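First comes the structure, then the notes that go with it.
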Amino acid sequence: MKAGWLLAFCWLSLPAQADLLSEVAGQIQRTEYLSGQFQQEKHIQVLPLPLVSTGVFQYQRGEGVVWELQTPTRQTLTIDAGRGGGRAAVKGKPRDSMTGLVERLLFSVFSGDLAALQGYFSVAAKGQTSDWELQLTPLGQTVSQFIGDVRIYGGRHLSKVTIMEANGDSTVIDMSIAKASVSND
Amino acid sequence: MTEPRSWRLPLIYLAIVAAALLYIAVQANQRPIAYNNITQLLPEYHRSPAMAQMIAMSADRFEQELLFLVGGDTLDQANERYMMLQAALSANGQVRLQDSGDLTAAAIAAYKPYINQLLRQETLAQLQSRTPAQLSDAAMAELFSLGSAIRPYAFSDDPFGLGSSWLQGLAKGMQGGVQESVQLDTYQGIPYMLEGDKAWMLASARLAGEPFNLATQALVSGLLTELQLLVGQENLLYSGIVFHAAAGADLARKEISTVGLASLLSVIALALVVFRSARPLALLLATLTCGVILALAACVLLFGRVHLVTLAFGATLLGVAIDYGFHFAVKARRIGSSHQAGRVLRAPLALALASSVCAYSFQLLAPFPGLQQMAVFSAVGLIGAWAAVLCLGGVFRPEQIKSQLRGAALFHRFFFPAYRRLAIGGQAPKLICVLLVAATALVIALLPVDDDVKNLNTSGRELLSMEERITQLMSRPSIGRFVVLQADSLEQLLLSSEAVVTRLERQGMTDVQFDAISSWLPSKASQERNYELVQQKLFSAGTAIDQLCAQLKTQCEPLRSQANRPYSYMSLDKLLAQQGLALALALPVTKNIDSRWYSAVTINGQVDAEIIKQELATIPSAVYIDREAEISAILHHYRKAIGLWSVLAFSVVFLALLALFRANAIPVAAPVLLSLLLALACASWLQGLTLFHVFALLLVFGICLDAGIFYNSQGLQEDTWLAVTLSNLTSMLVFAFLCFSQVPVLQQFGLVVLIGVGCSWLVTPLFFAERSKSA
């Protein structure tokens, strides 16, 4: 009996999930510009304390993402929006290397490119448009060997990304938005 | 008066044919007796058996690999079609999809114990040039970078990212041979690429069976048809040796059917039109059938199996063997007695047979497996046909046909008067001499040659252009060009490999990658040197690890003890021990043969062969292999050699004719020579002279010489002319069909024989018109 109710609930909730996902993607896609600060915590199992870094970021629709690490070390990552549908290119790195995958994911998250995310993950949405959570589960062994799970949180805009690595380490990125502009279409 | 039939000889003959048929059936039941790998018809390039084995193994590795591209206007559409392909392949069993994730996982696990001794050139240079402080800072910066979220090894196992760098260098070898510069993304976990507005999803697969096995080809052909129906022909591209082999087999079967059917229909039509009776037709069909059965049995007995090109060529034999049947039927009809016809024709038939068999027998002396097969097939087929005519002719009794022979009127009304007119006053011989000289001059002057390996293509234009399209979309390793290294020990081989790769990569050829065994397994000397350097710069007291731990504010000993593994030499056996199959298939072919080590360095991209040879000139253990160039060289060499053999064969036969016919040998031989020269000149002019044009000259020789022999012994008479015309016409019809073949080899045969036989039919009577009385 209980199993039947659970199945019915799951079945009924699927269309709602799909609707929420496309609404969230649409909401993100309407963002023309976004800038703010981020704090990244990297939890490495063998280290007693997390590695904390801070910086600023900037997203411009159609142009790309600039991710500038300021403390404890200075690094700038520029992710250019590619031609033909927003495929990201990372300067200085081969596009199809695993080390470029996270950058491409980040760009897809900022631009709301659901198709790009679905290229590597199955994507499920929870919550509502004012407070949502996307759960990304890797497809194929190529990605799942490295990434266990990715969660993206947000409301009006993106607010947090957590990446669980397959080896037990994890990365949490908290973003606070300083400036945003959204188009009406 | 009706002659009594003797059944003994026909029964003995038919028993022999029945035994041959039974033998073929038994052999075919036990194993496949047909095959279609055309390179097996060619002689091997001169090299050591070990090197030949190594090259064969390298070819075998690639022969099992398949690539499918499934297209759609959108990624979703392409993905949907990909799923259909995946389902079809799962049900198939002959073709297995490969997941690159298996290889990645295997590589990560296999290399883990050794990452402190495996360094790429770039990493090595960094360790050599940077201070421990700089190395620590670099590791620290990497930890904070966004990209560090994905590492093949945990920080505790690989704090300085040595393992990541090592595996990164292997990436090109793990892309299924696709170049790193090819832009690959994934959708739903499946790699894809864009061609204009179309998205193509890639599926690498592996063939379970042998690509040149006809049963495997049939299964794969069936799978291909199914896939094309599922996703649409325009949405499927595919690449792999098995497809070419299957297409070649298909084409050969079609050609055999077409040529065989064309021969049969032309024989039936001509026989019925001329004789207006089924008896001669029955004799002709029996002659052909028996000849083919005996030819096939002889090939299977001597070679174990028959190549499809031999069968296609053999189908043309029908046009030659039919000579004997036509001559016998016409003569018997004219004389009114099979027995007497047999007696009259015994000598010329035997001479015609002997000259043809002699010419084909010369092919046996050439080290061409294919040529030897064709020689046996043709010679035995002709002998069988000749024996059929003499043994079975009396059974069919063609002399009992009462109706008038058609065609005789044509001879009397048109051809004979024309020949006589031209022959009177010696104009014809002068005309012939002029033509001979002109033909020779033409041949010598216009002798473009074509030794391109493309002449061996049997898979058709459509498949070739698909292959070119795939090559353009994604540059793949060349299976025809690679470097083979050899050494007395594995360590020497690996050192040689490192030297070769360094030398080749310093050329700076963009878009070219070299995959060598040392890219997967460094030499012992390199591993020891790398480990020493890593200890010196990274893990010793006061070096990078201490500085990194200080920056991370953590205890160093736990990290050092986990990350700093003791040295252990990574041998080939250790590398493959646990992750055997996945890695074994990705590693460049490396083998110990007769106590010597060999390994192949594959080349991915377009290279200038001269640059490669120049760089390798000072490394005697490295041999550059270019299979295409080798095959072209073989074709070139044997085109000249077979040409000389042919001249020798013709000369021997001509001397034999001189001994038999004395001055009359000249009118027998001259039209043959003219026909051969004209055919050669036309082939050279129209297609560029190839080895297979030269082969076809032997066929022309056999057919044309028969005509001269019969005219010489019987004179230019109505029945001789009719028989020669019938046999020449059937040959010309059959070879005219071959001219339209998609198989270059058969096309070249068709052209030479069509022109040669056509010329011979027209010109040979001229040499006998003057001395023949009016029929």
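The listed protein sequences derive, respectively, from chains A and G. If you're matching positions, the first sequence starts at 1 in our numbering and goes up one per residue. If you're matching positions, the second sequence starts at 1001 in our numbering and goes up one per residue. Cβ coordinates follow ideal geometry from the N, Cα and C atoms, glycine included. Predicted model, so just to flag it, every value in this text is computed and none were measured.
Helix or strand or just coil, what does DSSP make of H1636 of chain G? helix
Supposed contact pair G1480 of chain G and R1627 of chain G - C-beta distance, whole angstroms, cut 8 Å: 4 Å
Kindly list, in the order they appear in chain D, the residues whose Cβ is closer than 8 Å to that of S1145 of chain G. The displayed structure is made up of protein chains A and G, and chain D is not among them.
Pull up the distance between the alpha-carbon of S1774 of chain G and that of Q1717 of chain G, whole angstroms please. Low confidence applies to S1774 of chain G: its pLDDT is 49, below 50, so where it sits in the model is not reliable, and the reading given next is rough at best. When rounded, the distance between both Cα atoms is 8 Å.
So, using beta-carbon positions, are C1682 of chain G and I1755 of chain G closer together than 9 Å? Contact: yes.
With respect to the beta strand (DSSP E) encompassing F1068 of chain G, which residues constitute its N-terminal and C-terminal limits? 1065 to 1072
The ligand FAD and F1701 of chain G: does any heavy atom of the ligand fall closer than 8 Å to the residue's C-beta? Because no ligand of any kind appears in the structure shown, any question about the ligand FAD cannot be addressed here.
Would you call the segment 1656 to 1665 of chain G in contact with the segment 1731 to 1744 of chain G, where contact means no fewer than 3 C-beta pairs closer than 8 Å? No, the segment 1656 to 1665 of chain G is not in contact with the segment 1731 to 1744 of chain G.
What does a CB cutoff of less than 8 Å around R1596 of chain G pick up in its chain, not counting 5 residues either side in sequence? A1050, Q1486, A1487, D1488
Which residues, in chain order, does the segment 173 to 185 of chain A contribute to contact with chain G at a C-beta distance below 9 Å? I173
Is there contact here, the segment 1020 to 1028 of chain G with the segment 1237 to 1247 of chain G, by at least three beta-carbon pairs under 8 Å? Inter-segment contact for the segment 1020 to 1028 of chain G and the segment 1237 to 1247 of chain G is absent: fewer than three beta-carbon pairs are separated by less than 8 Å.
Smallest Cα separation from E23 of chain A: which of A:T137, A:A166, A:K126, A:F146? A:K126
For T31 of chain A and H157 of chain A, believed in contact at Cβ under 8 Å, the rounded distance: 7 Å
Within-9 Å CB hit, G4 of chain A to chain G: Confidence at G4 of chain A is low in this model, with a pLDDT of 48, below 50, so the placement of that residue is unreliable and no value is reported for it.
Rounding to the nearest angstrom, what Cα-Cα distance links I1055 of chain G and E41 of chain A in this structure? 54 Å
Buried or exposed: L1655 of chain G, going by 16 or more other Cβ atoms within 10 Å of its Cβ? Its Cβ having fewer than 16 others within 10 Å, L1655 of chain G is exposed.
Contact under 9 Å by Cβ, R1305 of chain G with I1033 of chain G: yes
Any Cβ of chain A within less than 9 Å of the Cβ of Q1562 of chain G? yes
I want to know whether the segment 1268 to 1288 of chain G touches the segment 1319 to 1329 of chain G - three or more CB-CB distances under 8 Å. yes
Can you name the residues of chain A whose CB is closer than 7 Å to the CB of T1554 of chain G? L47, P48
Please give the ranges of any alpha helix (DSSP H) in the segment 1245 to 1324 of chain G, keeping only runs that are unbroken, at least 4 residues long and fully inside the region. 1278 to 1303
State the CB to CB distance for the pair L161 of chain A and V123 of chain A, rounded to an integer number of angstroms; the pair is presumed to be in contact (CB under 8 Å). Before going on, a small fix: residue 161 of chain A reads as Val here, not Leu. Their Cβ separation, rounded to whole angstroms, is 13 Å, which puts V161 of chain A and V123 of chain A out of contact at 8 Å.
Within this structure, are the beta carbons of L106 of chain A and W67 of chain A separated by less than 9 Å? Taking 9 Å as the Cβ cut-off, L106 of chain A and W67 of chain A qualify as a contacting pair.
Just to confirm, is the Cβ distance from A1141 of chain G to T73 of chain A under 9 Å? yes
Measure how close the beta-carbons of P1010 of chain G and V1273 of chain G come, nearest whole angstrom, since I'm counting them as under 8 Å. Not confirmed; about 27 Å, so no contact.
When we look at the beta-carbon of H1412 of chain G and count the other beta-carbons within 10 Å, is it buried (16 or more) or exposed? exposed
In chain order, each alpha helix (DSSP H) run of at least 4 residues that lies wholly inside the segment 1521 to 1545 of chain G: 1524 to 1534
Below 9 Å between beta carbons: does that hold for Q1547 of chain G and L1118 of chain G? no
Kindly indicate if chain G contains any beta-carbon less than 9 Å away from that of S53 of chain A. yes
Nearest-angstrom Cα distance between L1261 of chain G and F1062 of chain G? 37 Å
Can you give me the Cβ contacts of V1652 of chain G inside the same chain, cut-off strictly under 6 Å, excluding the 5 residues immediately before and after it? none
Answer yes or no: do R1503 of chain G and I1619 of chain G have a C-beta to C-beta separation smaller than 9 Å? yes
Other residues of its chain near Q1372 of chain G: CB distance less than 6 Å, five sequence neighbours each side excluded: L1364
Using 8 Å for Cβ pairs, my map puts A1696 of chain G next to Q1748 of chain G. What's the rounded Cβ distance? 7 Å
V1267 of chain G to I1256 of chain G span [Cα, whole Å]: 16 Å
DSSP three-state call for S1204 of chain G: helix, strand or coil? strand
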